[in-house]
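Line order of the protein sequences matches chains Y and R.
Numbering of the first sequence is given in my numbering, commencing with residue 1 and proceeding in unit increments.
Numbering of the second sequence is given in my numbering, commencing with residue 1 and proceeding in unit increments.
A virtual CB, placed ideally from N, CA and C, is assigned to each residue, including glycine.
Treat the numbers as computed from the prediction; the structure is a model and nothing was measured.
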Amino acid sequence: MIDTVTKNISIITNELCSYQVTQVNTNRVLSVPLDSDNTDYQEILEWAKIDGNVIKEAD
Amino acid sequence: MTNTWEYKQIIVAGDTTGTWLITNGIGIQIIQTISVDATRRATGNAWGAGNIYASTNQVNGIDNANNNWIMAGFQVEVGSVATPFEHRSFGEELHLCKRYYNLLTTGSASKYMSMASAYNTAQVTGVIQLNPTMRATPTIDIVSGTNYYRCTFNATNFDFNTIAIDGADNKQVLWSKGGLSSLTSGSGGWLQTTNTASYMAFKCDL
Numbered sequence: 001m002i003d004t005v006t007k008n009i010s011i012i013t014n015e016l017c018s019y020q021v022t023q024v025n026t027n028r029v030l031s032v033p034l035d036s037d038n039t040d041y042q043e044i045l046e047w048a049k050i051d052g053n054v055i056k057e058a059d
Numbered sequence: 001m002t003n004t005w006e007y008k009q010i011i012v013a014g015d016t017t018g019t020w021l022i023t024n025g026i027g028i029q030i031i032q033t034i035s036v037d038a039t040r041r042a043t044g045n046a047w048g049a050g051n052i053y054a055s056t057n058q059v060n061g062i063d064n065a066n067n068n069w070i071m072a073g074f075q076v077e078v079g080s081v082a083t084p085f086e087h088r089s090f091g092e093e094l095h096l097c098k099r100y101y102n103l104l105t106t107g108s109a110s111k112y113m114s115m116a117s118a119y120n121t122a123q124v125t126g127v128i129q130l131n132p133t134m135r136a137t138p139t140i141d142i143v144s145g146t147n148y149y150r151c152t153f154n155a156t157n158f159d160f161n162t163i164a165i166d167g168a169d170n171k172q173v174l175w176s177k178g179g180l181s182s183l184t185s186g187s188g189g190w191l192q193t194t195n196t197a198s199y200m201a202f203k204c205d206l
């Protein structure tokens, strides 16, 4: 289950290139590409629609 | 029951009443009954409500300690005709699985995952070729921990907790890590794990 989502900026293009996802009760981290066929990306889009869920800007 | 191999084909017409769970919960269970109490039996070849595991024709397969139940193959498929068993080698099955989840390394403090280069004094990158081609652009799946990952350049170690996708498609991944310091831009090295808990995988499940 998604805990936080943070934007990741490409060190090469300096543009948004992926999302860094932390999950509840685990140290597992997902780096998710911006691909509509990727189910983790689809899950982020659904998660972001829920009130109170905010995608954080890159660190 | 016999002492020879038998091939059984059972066609089950779907239940036309009620609903089937089609989420990642349990929607169907197939239970092969060797013995069951009479209260768990009902007329065969018909759908019914209740915890029924066998037909009224059920024999007691555990009435003798010398009884054996041996199965060589089992296949469930949609349709009205049973197709031949598919006998895939371990290698074939593993290769097919890697289209959806490819575990690059796990369970060791020194597993080498990728060549790496210092993009500048604070950022490192590397490319990993995906074999086989994955279903779509994969997610990098890792576990975060203090200094779980390491790049080594010019005999100097640079440790960090996670890495990220910088660019990718279903055939290759460009990974990166920023926020480091004192790298010599252009240096070549490698990426490895440093903890038995650390791993890296590519996932692209349906």
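Leaving out five residues on either side along the sequence, give the residues of the same chain with a beta carbon under 7 Å from the beta carbon of residue i.
i	result
R:T106	Y199
In angstroms with no decimal places, state the Cα-to-Cα distance between residue i and residue j.
i	j	result
Y:N27	R:S80	46 Å
R:T56	R:R41	5 Å
Y:S31	R:I165	6 Å
R:T33	R:Y53	7 Å
Y:N25	R:N67	47 Å
R:S181	R:S187	13 Å
R:G44	R:L94	39 Å
R:T17	R:A49	11 Å
R:V127	R:S114	7 Å
R:G145	R:C97	27 Å
R:D37	R:I28	22 Å
R:Y149	Y:V54	28 Å
Residue i: which of the options sits nearest, CA to CA?
i	options	result
R:Y7	R:T194, R:I140, R:T83, R:V173	R:T83
R:D15	R:N170, R:Q9, R:W47, R:T43	R:W47
Y:D3	Y:T22, Y:E15, Y:N14	Y:T22
R:A116	R:T39, R:L191, R:F202	R:L191
R:C204	R:N60, R:W175, R:M134	R:M134
How would you call residue i, buried or exposed, if buried means at least 16 neighbouring beta carbons within 10 angstroms?
i	result
R:N102	buried
R:G73	exposed
R:T207	Any question about residue 207 of chain R goes unanswered here, given that chain R covers just 1 to 206.
R:T156	exposed
R:L206	exposed
Once you ignore the five residues that flank residue i on each side, which residues in its own chain have a CB closer than 6 Å to its CB?
i	result
R:K208	As shown, chain R starts at 1 and ends at 206. That puts residue 208 of chain R outside it, with no answer to give.
R:A168	T137
Along chain R, in chain order, which residues have C-beta atoms closer than 9 Å to that of residue i?
i	result
Y:V24	Going along chain R, no residue has its Cβ under 9 Å from Y:V24, so there is no contact; the nearest lies around 14 Å.
Y:L30	T139, I140, D141, I142, K203
Can you name the residues of chain Y whose CB is closer than 7 Å to the CB of residue i?
i	result
R:D159	Near R:D159 there are no residues of chain Y at all, since even the closest Cβ is about 16 Å away, more than 7 Å.
R:Q123	I11
Give the residues of chain R in contact with residue i, contact being defined as C-beta atoms less than 7 Å apart.
i	result
Y:D35	A136, T137
Quick one: is the Cβ of residue i within less than 7 Å of any heavy atom of the ligand MN?
i	result
Y:D3	Among the components of this structure there are no ligands whatsoever, and the ligand MN is therefore not found.
Could you name the residues of chain Y that residue i contacts, counting a contact when the two beta carbons are closer than 9 Å?
i	result
R:Y149	Near R:Y149 there are no residues of chain Y at all, since even the closest Cβ is about 11 Å away, more than 9 Å.
Which chain R residues are close to residue i, counting only those with a beta carbon under 8 Å from its beta carbon?
i	result
Y:N14	Result: empty, since nearest Cβ-Cβ is about 11 Å, beyond 8 Å.
Below 8 Å CB to CB, which residues in the same chain sit around residue i once its five sequence neighbours on both sides are set aside?
i	result
R:T196	G107, S108, A109
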